[in-house]
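Reviewing the structure listed below.
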Amino acid sequence: MSSSRNNEARIYVGNLPPDIRTKDIEDLFYKFGKIAYIDLKNRRGPPFAFVEFEDPRDAEDAVHARDGYDYDGYRLRVEFPRGSQNSGGGHRGSSGRSGGRGGGDGGGRGGGDGGGSNGGRSRGPPARRTNYRVIVTGLPPTGSWQDLKDHMREAGDVCYADTYKDGTGMVEFLRYEDMKYAIKKLDDSRFRSHEGEVSYVRVKEDSGD
Numbered sequence: 009m010s011s012s013r014n015n016e017a018r019i020y021v022g023n024l025p026p027d028i029r030t031k032d033i034e035d036l037f038y039k040f041g042k043i044a045y046i047d048l049k050n051r052r053g054p055p056f057a058f059v060e061f062e063d064p065r066d067a068e069d070a071v072h073a074r075d076g077y078d079y080d081g082y083r084l085r086v087e088f089p090r091g092s093q094n095s096g097g098g099h100r101g102s103s104g105r106s107g108g109r110g111g112g113d114g115g116g117r118g119g120g121d122g123g124g125s126n127g128g129r130s131r132g133p134p135a136r137r138t139n140y141r142v143i144v145t146g147l148p149p150t151g152s153w154q155d156l157k158d159h160m161r162e163a164g165d166v167c168y169a170d171t172y173k174d175g176t177g178m179v180e181f182l183r184y185e186d187m188k189y190a191i192k193k194l195d196d197s198r199f200r201s202h203e204g205e206v207s208y209v210r211v212k213e214d215s216g217d
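Structure representation (structure tokens):
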């Protein structure tokens with residue numbers, strides 16, 4: 009296995025069932041092409057995985073086919089990780105009910121390419137943007153943009169999410185009503201990162217810019 013990872017051929021797989029195994033993930037993705045490695049994270053918190061293919065085109069096919077796929081009652085979230093150069097395909101998750109979380113997949117990628125908790129802003133493809141924006145404060149250090157996007161989906165369709173080193177985040181919704189509902193429903197809500205860190209976050213409308 010090469011020590012230098014091919015980011016363009018790597019995908020993120022989230023919203024997995026708690027008893028998922030590496031073999032199950034392999035079964036989900038082997039049909040799209042040769043898999044270089046699977047990294048399943050299931051020690052603490054909700055499980056997620058990274059899957060790397062030999063060929064970036066296979067990764068794109070997997071994202072298109074499996075994002076929004078219903079697996080054992082869980083609607084999978086499959087996308088390119090933040091900063092991946094291949095994530096601009098505009099793939100969209102299956103519309104409709106989101107398994108276990110409200111709001112469905114909205115804008116697919118969700119614009120998570122922004123620099124996030126690693127500091128600085130990595131360049132990424134343009135995301136669908138709106139002015140229905142909220143600022144989230146009080147995020148734990150391990151809170152990623154994926155975690156934030158998942159949390160805010162309880163209020164509706166999220167089209168963009170980003171996190172910053174100071175424990176703040178920004179989320180944009182497709183609809184004004186969803187933004188207002190997020191402020192009402194998720195302000196002072198319990199947030200859990202993918203590594204199991206818990207905090208209570210505040211949500212307010214972004215009055216800047």
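Per the working numbering, residue 9 is the first one in the sequence shown, and the count goes up by one each step.
Beta carbons are placed, not taken as given, at the ideal position from N, Cα and C, and that holds for glycine.
No experiment lies behind these values; they were computed from the predicted model shown.
message = Report the CB separation of residue 164 from residue 190 in whole angstroms; it is logged as a contact under 8 Å.
response = 7 Å
Beta-carbon gap between residue 179 and residue 209 smaller than 8 Å = no
task = Determine the DSSP secondary structure at residue 30, reduced to helix, strand or coil.
result = helix
request  = Assuming residue 17 contacts residue 67 (C-beta within less than 8 Å), just tell me the rounded distance between them.
outcome  = 5 Å
request  = Give every residue of the same chain whose Cβ lies closer than 6 Å to the Cβ of residue 80, excluding the five residues on either side of it in the sequence, and list them in chain order.
outcome  = 25
query = Hey, quick one: how far does the beta strand (DSSP E) through residue 42 stretch, first residue to last?
reply = Under the DSSP assignment, residue 42 falls outside any beta strand (DSSP E); it carries neither an H nor an E label.
message = Let me confirm a value: residue 115 is counted as buried when at least 16 other C-beta atoms fall within 10 Å, else exposed. Which label applies?
response = Bear in mind that a pLDDT of 36 at residue 115, under 50, signals an unreliable position, so the model cannot answer this.
ask   = Quick one: Cα of residue 27 to Cα of residue 56, how far?
value = 11 Å
message = Quick check: residue 15 and residue 83, are their CB atoms within less than 8 Å of each other?
response = no
6 Å CB neighbourhood of residue 212 in its chain, flanking five on each side removed = 143
ask   = How is residue 137 classed by DSSP in three states: helix, strand or coil?
value = coil
request  = Within 10 angstroms of the Cβ of residue 54, are there 16 or more other Cβ atoms? Answer buried if so, exposed if not.
outcome  = buried
query = For residue 52, which residues of its own chain have a beta-carbon under 7 Å away from its beta-carbon, when the five flanking residues on both sides are left out?
reply = 203 and 204
key: Neighbourhood of residue 219 by C-beta, 7 Å cutoff - its chain only, sequence neighbours within 5 removed   = Since the first residue of the chain shown is 9 and the last is 217, residue 219 is not available in this structure.
key: Rounded separation between residue 48 and residue 59 - CA only   = 8 Å
task = To the nearest angstrom, report how far apart residue 137 and residue 41 are at their CA atoms.
result = In a straight line, the C-alpha of residue 137 is about 33 Å away from that of residue 41.
query = Closest to residue 195 by CA distance: which of 162, 65 and 215 is it?
reply = Closest by alpha carbon: 162.
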